[in-house]
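The structure appears below as structure tokens.
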Amino acid sequence: MAHNREHFPSIGDIAEKTDISIESNQSDSVLNTKESSESSERPLEEVTSLCMQCGEQGITRLLLTSIPYFREVIVMSFRCDHCGTSNNEIQSAGTVREEGTIYTARILFRSDLNRQIVRSSTCVVQIPEYELTLPPSRGQLTTIEGLLRDIVTDLATEQPLRRIRAEAAYVKIQSILDGIQSIIGQVDGEDLASNSPLPSNSVTSPITIILDDPAGSSFIEFVESMADSRWNMRTYRRTAEQNIALGFAARDDIPNASTEESLTRIQATDITESSDNLGHGQEDMDGEVYEFPGKCSSCGHSLVTRMKKVIIPHFKDILIMSTNCDRCGYRDNEVKSGTAISALGKRITLKVIDREDLSRDILKSETSGLSIPEIDLVLQAGTLGGRFTTVEGILHQIYEELSDKVFASGDSSIKDVNTEGRNIFDSFLKNLKQYGFFKVANADRPFTLILDDPLANSYVQNLYAPDPDPNMEIMTYERTWQQNEELGINDMKVEGYET
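Counted from 1, the sequence shown has number 342 at position 342 by full-length UniProt numbering; the numbering is strictly sequential.
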């Protein structure tokens with residue numbers, strides 16, 4: 001649904017018009033003239049509203065604006081002059097997104113605290129370093145610094161009472177408060193009122209801010225471009241329970257089945273939908289998803305591993321396995337070969353030159369190495385395990401794995417963020433991410449993707465199949481004795497093993 005630009009100007013346009021209006025009003029005041037006629041064109045709409053605290057009438061101000069690279073929003077501000085009650089809220093004015101979104105920002109520098117945040121009423125905020133999760137609350141337009149200050153204010157309110165009634169909870173929450181205050185500074189009147197920009201030096205303890213919004217209405221600002229190495233966004237399909245919670249579906253939509261049974265049946269088809277959407281593979285004749293009971297390796301809770309056989313055209317059969325724990329949220333997806341061991345190894349070299357190449361299906365087996373010579377990226381066999389996705393998807397997964405291991409870990413390389421090595425790795429991640437965001441037909445930064453699989457179980461989609469692909473080179477080779485030894489092939493005995 002397209003919105004009129006006149007009704008939803010950007011925040012920058014509104015600020016510019018407001019400054020002009022203020023200057024005009026000041027000039028009119030000096031000259032003792034009548035009020036400016038532009039007052040009727042103010043970007044704010046004011047309506048009289050009932051104050052729920054004192055029962056008197058207050059004023060609600062509405063601002064219709066658009067946030068660059070995000071969407072149209074409505075910013076609301078209420079204030080009652082009788083009792084002093086005030087409230088600020090933000091709501092989405094765009095269409096409902098088909099998928100949920102997860103935004104991740106790594107706070108390594110003080111300047112990262114200035115990133116703008118849109119937190120909708122359905123958004124869950126997480127700070128993994130402190131094991132802190134904020135449930136959905138009212139919509140909010142703020143910065144990361146403002147979010148952290150709100151957390152400190154809310155948690156500190158009941159601390160004196162917790163110290164008496166629940167000392168263990170007091171100690172745990174106080175450690176969180178001390179950690180956050182060390183990043184934003186002490187919360188006092190002078191500091192809260194300060195509008196000066198934050199210095200760019202590194203924070204004492206890097207943290208990660210995660211916004212998980214199933215409605216897709218939340219946002220974290222990136223710096224310069226979407227290739228920002230400390231910012232990431234990914235989308236996911238909402239579950240049936242999330243759709244019910246958001247009001248997009250009713251519990252009675254699936255007759256003769258409880259909600260739990262409906263969710264189980266829907267989750268069982270996730271792996272089938274994944275294979276169809278990502279791999280575009282032909283389904284097996286029976287199209288059946290097999291289930292195997294097991295235990296979660298993270299929490300020990302009982303779970304089910306689902307497996308489906310998929311046939312990739314012009315390649316071979318593969319097995320897609322999916323594990324999802326409802327108790328702790330642990331998830332794991334793997335891809336295995338469904339055929340015999342190949343007699344030869346295979347090396348696939350793909351020249352990625354445009355956006356269409358990023359959409360190619362790719363199967364990286366657990367025995368395949370991956371490299372991009374342009375940025376000196378080399379992943380050894382076993383890294384990431386088996387993956388069945390697209391070229392763009394594999395780049396995002398590599399970025400997430402590397403950034404999580406480096407940014408979120410507590411080793412000395414993160415604490416000393418101003419070292420030359422830190423800057424080099426930050427530049428490396430930025431280059432890696434830029435490859436996943438081609439915006440034009442002919443990419444400014446083409447690169448080479450190489451898959452080297454001694455078992456020949458990896459695959460890259462040929463857009464010209466069955467004819468040769470001009471941008472892809474496939475070479476087979478004989479495995480060395482060392483490779484066979486590492487794969488355990490030298491010790492295999494398939495004939496005469498009875499004796």
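Quick reminder that beta carbons are idealized off the backbone N, C-alpha and C, glycines included.
Query: Secondary structure of L141, DSSP reduced to three states; Result: strand
Query: Start-to-end residues for the beta strand (DSSP E) that takes in E334; Result: 331–337
Query: For I350, the first and last residue of its enclosing beta strand (DSSP E); Result: Per the sequence presented here, residue 350 reads as Leu, with Ile not at that position. Looking at the DSSP string, the run of the beta strand (DSSP E) that includes L350 is 345–352.
Query: Anticipated Cβ contact below 8 Å, T101 with G247, distance rounded; Result: No, T101 and G247 are not in contact; Cβ-Cβ is about 18 Å, not under 8 Å.
Query: Complete alpha helix (DSSP H) runs within the region 118–188 (minimum length 4 residues, chain order); Result: 144–157, 159–165, 167–184
Query: Contact belief for L429 with S229 at Cβ below 8 Å, rounded distance in angstroms; Result: 4 Å
Query: Same chain, Cβ closer than 6 Å to S298, neighbours up to 5 away in sequence not counted; Result: C328, Y330
Query: CB contact flag (Y459, K433, <8 Å); Result: no
Query: Cβ-Cβ distance between N144 and I209 below 8 Å; Result: Here residue 144 is Ile; the residue named in the question, Asn, does not match the sequence. In this structure, I209 lies closer than 8 Å to I144 by Cβ.
Query: Buried versus exposed call for F292 [16 or more other C-beta atoms within 10 Å across all chains shown]; Result: exposed
Query: Candidates L161, V73, G84, L451: closest to L350 by CA position; Result: L451
Query: Nearest neighbour of T60, chosen from Q53, R445, N88, L108 [CA to CA]; Result: N88
Query: CA-to-CA distance, L463 to L358, given in whole angstroms; Result: 12 Å
Query: Selected residue, minimal CA-CA separation from T48, among S137, P206, L64, D81; Result: D81
Query: Cβ-Cβ separation, K316 to S337 (assumed contact under 8 Å), whole Å; Result: 7 Å
Query: Beta strand (DSSP E) runs wholly inside the region 65–117, at least 3 long, in chain order; Result: 72–79, 86–92, 100–109
Query: Rounded straight-line distance, which links the Cα of L395 to that of T104; Result: 16 Å
Query: Other residues of its chain near A227: CB distance less than 7 Å, five sequence neighbours each side excluded; Result: K430, K433, Q434, F437
Query: C-beta contact flag for E99 and R238 at 8 Å; Result: yes
Query: CB of G386 within 8 Å of CB of V335, strictly; Result: yes
Query: Span of the alpha helix (DSSP H), counted from its first residue to its last, around R355; Result: 355–358
Query: Reduced DSSP category for I394 - H, G, I as helix; E, B as strand; rest coil; Result: helix
Query: Continuous alpha helix (DSSP H) stretch holding I244: start and end; Result: 240–246
Query: Local Cβ density within 10 Å of L50, reported as buried at 16 or more and exposed below that; Result: exposed
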